[in-house]
Amino acid sequence: MDSATTPDAIHVLDDRTDQVWTKGSGKAFKCDTKSTAGSVTQRACAFCGSRVVLYPIADALHIVHGPIGCAVYNWDIRGALSSGSQLHRNSFSTDLAEKEVVFGGEQKLEKSLLELIEFYKPKAAFVYSTCIVGLIGDDVERICKSVSRKSGIDVIPVDSPGFKGTKKSGYQAACEAAFRLVGTGDTSDIKPYSINLLGEFNIAGEAWMIKEYFERIGIQVVATITGDGRVDDLRRCHGASLNLVQCSGSMTHLSKLLKQHYDIPSERVSFFGFEDTARAIYTAAEHFGDPELMERAQELVRTEIAKYAPQLKQYKKQLKGKKAALYVGGAFKAFSLVLALRALGMKTVLAGTQTGSAEDYEQLKEICDPGTVIVDDSNPLELAKFVLEKDVDLFIGGVKERPIAFKMGVAFCDHNHERKIPLAGFEGMLHFADEVARSACSPVWQFAPRRAQAKAFLDSASQSDFATESTTTEGGKA
Amino acid sequence: MLEGTTAEIRERKALRVNPAKTCQPIGAMYASLGVNKCMPHSHGSQGCCAYHRSHLTRHHKEPVVATTSSFTEGASVFGGLANLKTALNNIFSIYDPEVVSVHTTCLSEVIGDDIPMIIKKSIEDGIIPEGKTVIHANTPSFVGSHVTGFANQCKAFVDYFAESTGETKNVVNIFPGWVEPADMRELKRLADGVGVEYIMAPDTSDVLDSPLDGEYHMYPDGGVTVAELKATGDSFLSVGLGPLASTSAVESLEKKCKVPSKVLELPIGVQATDAFIDALRLAGDTSVPSEIEKERGRLVDMMSDMSQYTHGKKVAIFGDPDHLVSMVSFLVELGMVPAIVVTGTPGKKWEKKMKEIIDPVNEDCVIKAFSDIHYLHQWIKANPVDLLMGNTYGKFVAKTEDVPFVRFGFPIMDRVGHRAFPTVGYQGGMRILEKITDAFFDKRDREDPDHEIELVL
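Respectively, the protein sequence lines represent chains A and B.
Position 60, counted from 1, in the first sequence is what my numbering calls 60; the numbers after and before it change by one each time, with no gaps.
Position 164, counted from 1, in the second sequence is what my numbering calls 1164; the numbers after and before it change by one each time, with no gaps.
Shown next as structure tokens:
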């Protein structure tokens, strides 16, 4: 057998041992670091971070200044839905060639911008810098100013060369860029009970579901940032009284800027699972201190849970006792997932994120059960090792993890940006249960050798009780 | 989403809208995955590596493994030597590959990292274990396209590995070009059928279409081995399929080890497959077995059965240069009329070649290299076509214009068949023809008024 495929031959990179932690071990834990060179990291770069955060602003022009690849790999890969303009789903690039790498790409960028703005008449334009733009010395800020003057729209540079760091540093650049629009719109018709939803990207239409909850109880949603986003909403989002921050990794910086400049308080929330969705709605209602508002919030939560909870029961029956591993982008999502899985009777045995902070991991450690392995910035071998060791039934992750799980005969649920169904809110919990059950209980796994072996092992074990113990200690996993 | 597209064509010099290509490094990564126990390594920021892996995973629905130098601000100022050395050290100690295949990115190219020098230093410092190899290919993202990167990587296999022992063996090297794992499998089946011994390099079959066996294999049991790559220098002939993807590799091998080379178009359709089979037959001094002759006969039979539906139909097609030459030739064999052919990859010579193929059936065909899907879309708005062919990104154009659409090329991120069924060879031809006529018929069955629906087609 290949050395790299047997579980006992899988090591954790020496430099990474502090980034893996088992609850109950008492060991120190390190995160928020750059990836070790040579690691098969599942992480992306700063450019990717800023691009994915801003691109759902649907009536803006998004142009990638660099060679073609950067514009291709994130072209319409996230299902961030828009109720109107679909401009954001196109891919615009300056497609830098050798000539510009030598002589600079400023001219090409300026021409491209003027042409595109003339043709598409966007409300604003974002210009993303890629790795080589800084190196070839293009002054993107200056070009943006010049085009802004000539075209009459805001042209905003996003300082996001890939080498600046992980997606996280890209999020920061995106927040800075978005903030340039804030404060330039009319806020006169904004009601006192008003919020912004930060870090909600309207994947599969989730923002629409969440927005509706707040509107039903009488809270105005000024801007969802950036799902189904509009330039004009960003311009006036400083008129809202409260920010609810969902994807904390991507939007904490913007909420800080809004606090600093406009004194808008913010609350970290999640709309995943019954518990967290209810808590998020109560958090907003509580903020405005109106007992009637709170009553309406409670009524909404009651109605919604009554609608969906009974249907959850059948899934719980199917899923009880199954073990899950999750490896997701941000930590706050991980918290919600642990709770939601628990609500379905499942146990999280492995939890990891690409970009969690120390504070995040503290919280994650608290809510996980003893024995749960927690990893930061993991890689396929490591993930595969823990999936085997912990005999996982379901893996929750993104595009790169799906085929790994399948190869091992493990069910999978995409809780990343490539999910196709809304998983947020009360209704979303039902979708989540359905998606998990459909994968975890799929008849295909009976043909997966690992399952077949496990079944054969269990069958023989039930025939002779004493055999179980000796086989387990000797062979580890069947 | 393409409602903003107008029929009035804008001549653009400065920008790309909805590209019909991507960058070099992903091609190098794909080629490297076709080497047994090889770890592709992206020398640049970690986003490049993540992007290429995700993109290939979306296309192949398979785990794609690769490492990165994880450039930081420091590396982009002082060069990536330290990063690459650390990376190599880590890769060998933890992932234990036979080969690390380093490709550059725009960043490391602009910085000017000298990869051969870094490899040499790493050998001197004992970072590379005995018997293991580190190779490299320069793949600047701002030159050519993803196919260029594939070609550069294939050439690197030759430059680093091919050896001549002085004893010529009765073996043919097949450089398959950028085709699917299922295609490589089919090419090997045909070569087996004709009865020649061959080495296929690279070979992604069994790597990117591996079976579900309950385990995660970082290096699936497939790909050309290092020993085979070395032995390519002793073969008596190299056949390179797809001029853009394979010419540089076979020419380099001819120069280095005096292995005569022959470059053919990708064997798609009747005549291109004939040429491939014929080349194998001549090389092996064998005759074509009746099984393969019958396959050809079945393809021609199907073409005749369907000719009333294909003849005279106008086609818009976009993709990669090698794919287009062969696919368009097949369309012409089917009696179809290419109306516009677009690739994102630059290439004046390619435009000329396409014109020669299409001129006999349509002198007015628009042939554009270094263009994009937006251009193609604008053109067909003013000049309606009967069929659109191209990668997944074409689906929005097809939907907006209500044109039957057949997926073909790279990437295909929304269908499953390309990973299982070949498009090369006579059988591949039958599959393409099935897909084309299905697309026509499905549209008819869906849209014909009740009284006109035909039971028999």
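Beta carbons: idealized from backbone N, C-alpha and C, even for Gly.
- With respect to chain B, the C-beta atom of residue 115/A has a partner C-beta closer than 8 Å.
- Straight across, the Cα-Cα distance linking residue 1352/B with residue 1254/B is about 27 Å.
- Of the candidates 1260/B, 1304/B and 1247/B, the residue whose Cα lies closest to the Cα of residue 1270/B is 1304/B.
- As computed with DSSP, residue 272/A is found in a beta bridge with 425/A.
- Looking from the CA of residue 1287/B, the closest CA among 1298/B, 1274/B and 1299/B belongs to 1274/B.
- Residue 1236/B is classed as exposed because its beta carbon has fewer than 16 other beta carbons within 10 Å across all chains shown.
- Between residue 61/A and residue 143/A, the C-beta gap is not smaller than 8 Å, which leaves the two residues out of contact.
- Within the DSSP bridge table, the entry for residue 226/A names 200/A as partners.
- Minimum Cα-Cα distance from residue 1442/B among the listed residues 1239/B, 1457/B and 1451/B corresponds to 1457/B.
- Between residue 257/A and residue 243/A the beta-carbon gap is near 10 Å, outside 8 Å, which marks them as no contact.
- Listed in chain order, the positions of the stretch 322-345 of chain A with a beta carbon within less than 9 Å of a beta carbon of chain B would be empty, since no residue qualifies.
- Below the 7 Å Cβ cutoff, chain A contributes no neighbours of residue 1181/B, its closest Cβ being approximately 14 Å away.
- Going by C-alpha positions, residue 50/A is about 21 Å away from residue 105/A.
- The stretch 1195-1210 of chain B makes no contact with the stretch 1122-1138 of chain B, as fewer than three CB pairs between them are under 8 Å.
- When secondary structure is reduced to three states using DSSP, residue 1103/B falls in the strand class.
- Of the candidates 1266/B, 1119/B and 1294/B, the residue whose Cα lies closest to the Cα of residue 1132/B is 1119/B.
- DSSP, reduced to helix, strand and coil, places residue 1189/B within a helical segment of the structure shown.
- For residue 1136/B, there is no enclosing alpha helix (DSSP H); the residue is found in the beta strand (DSSP E) stretching over 1133-1137.
- Comparing alpha-carbon positions, the option among 413/A, 99/A and 72/A lying closest to residue 1019/B turns out to be 72/A.
- The C-beta separation of residue 1202/B from residue 1035/B comes to about 6 Å, placing the pair in contact by the 8 Å criterion.
- For residue 1063/B, a Cβ of chain A is located within less than 8 Å of the residue's own Cβ.
- Taking C-alpha positions only, residue 1311/B is separated from residue 1039/B by approximately 47 Å.
- A straight line joining the alpha-carbon of residue 238/A with that of residue 359/A spans about 28 Å.
- Inclusion of residue 1425/B and residue 1267/B in the CB contact set at 8 Å is warranted, their separation being smaller than that value.
- None of the residues of the stretch 1340-1373 of chain B has a beta carbon lying less than 7 Å from any beta carbon of chain A.
- Residues of the same chain with a CB within less than 6 Å of the CB of residue 217/A, apart from the 5 flanking positions on each side, are 296, 297 and 300 in chain order.
- Residue nearest to residue 169/A within the set 187/A, 249/A and 189/A is 249/A (criterion: CA-CA distance).
- Judged by pairs of C-beta atoms under 8 Å, the stretch 1333-1351 of chain B touches the stretch 1367-1384 of chain B, as three or more such pairs exist.
- Residue burial annotation: residue 1223/B is buried, with at least 16 other C-beta atoms found within 10 angstroms of its C-beta.
- Residue pairing by DSSP places residue 1019/B opposite 1372/B in a beta bridge.
- Taking 8 Å as the cut-off, the Cβ atoms of residue 1155/B and residue 1098/B do not count as close.
- For residue 251/A, the enclosing alpha helix (DSSP H) starts and ends at 248-262.
- As a beta-bridge residue in DSSP terms, residue 267/A pairs with 244/A.
- Taking the C-beta atoms as reference points, residue 1070/B is found no nearer than 8 Å to residue 1043/B.
- Membership of residue 90/A in any beta strand (DSSP E) is not indicated, and neither H nor E is assigned to it by DSSP.
- DSSP, reduced to helix, strand and coil, places residue 1314/B within a strand of the structure shown.
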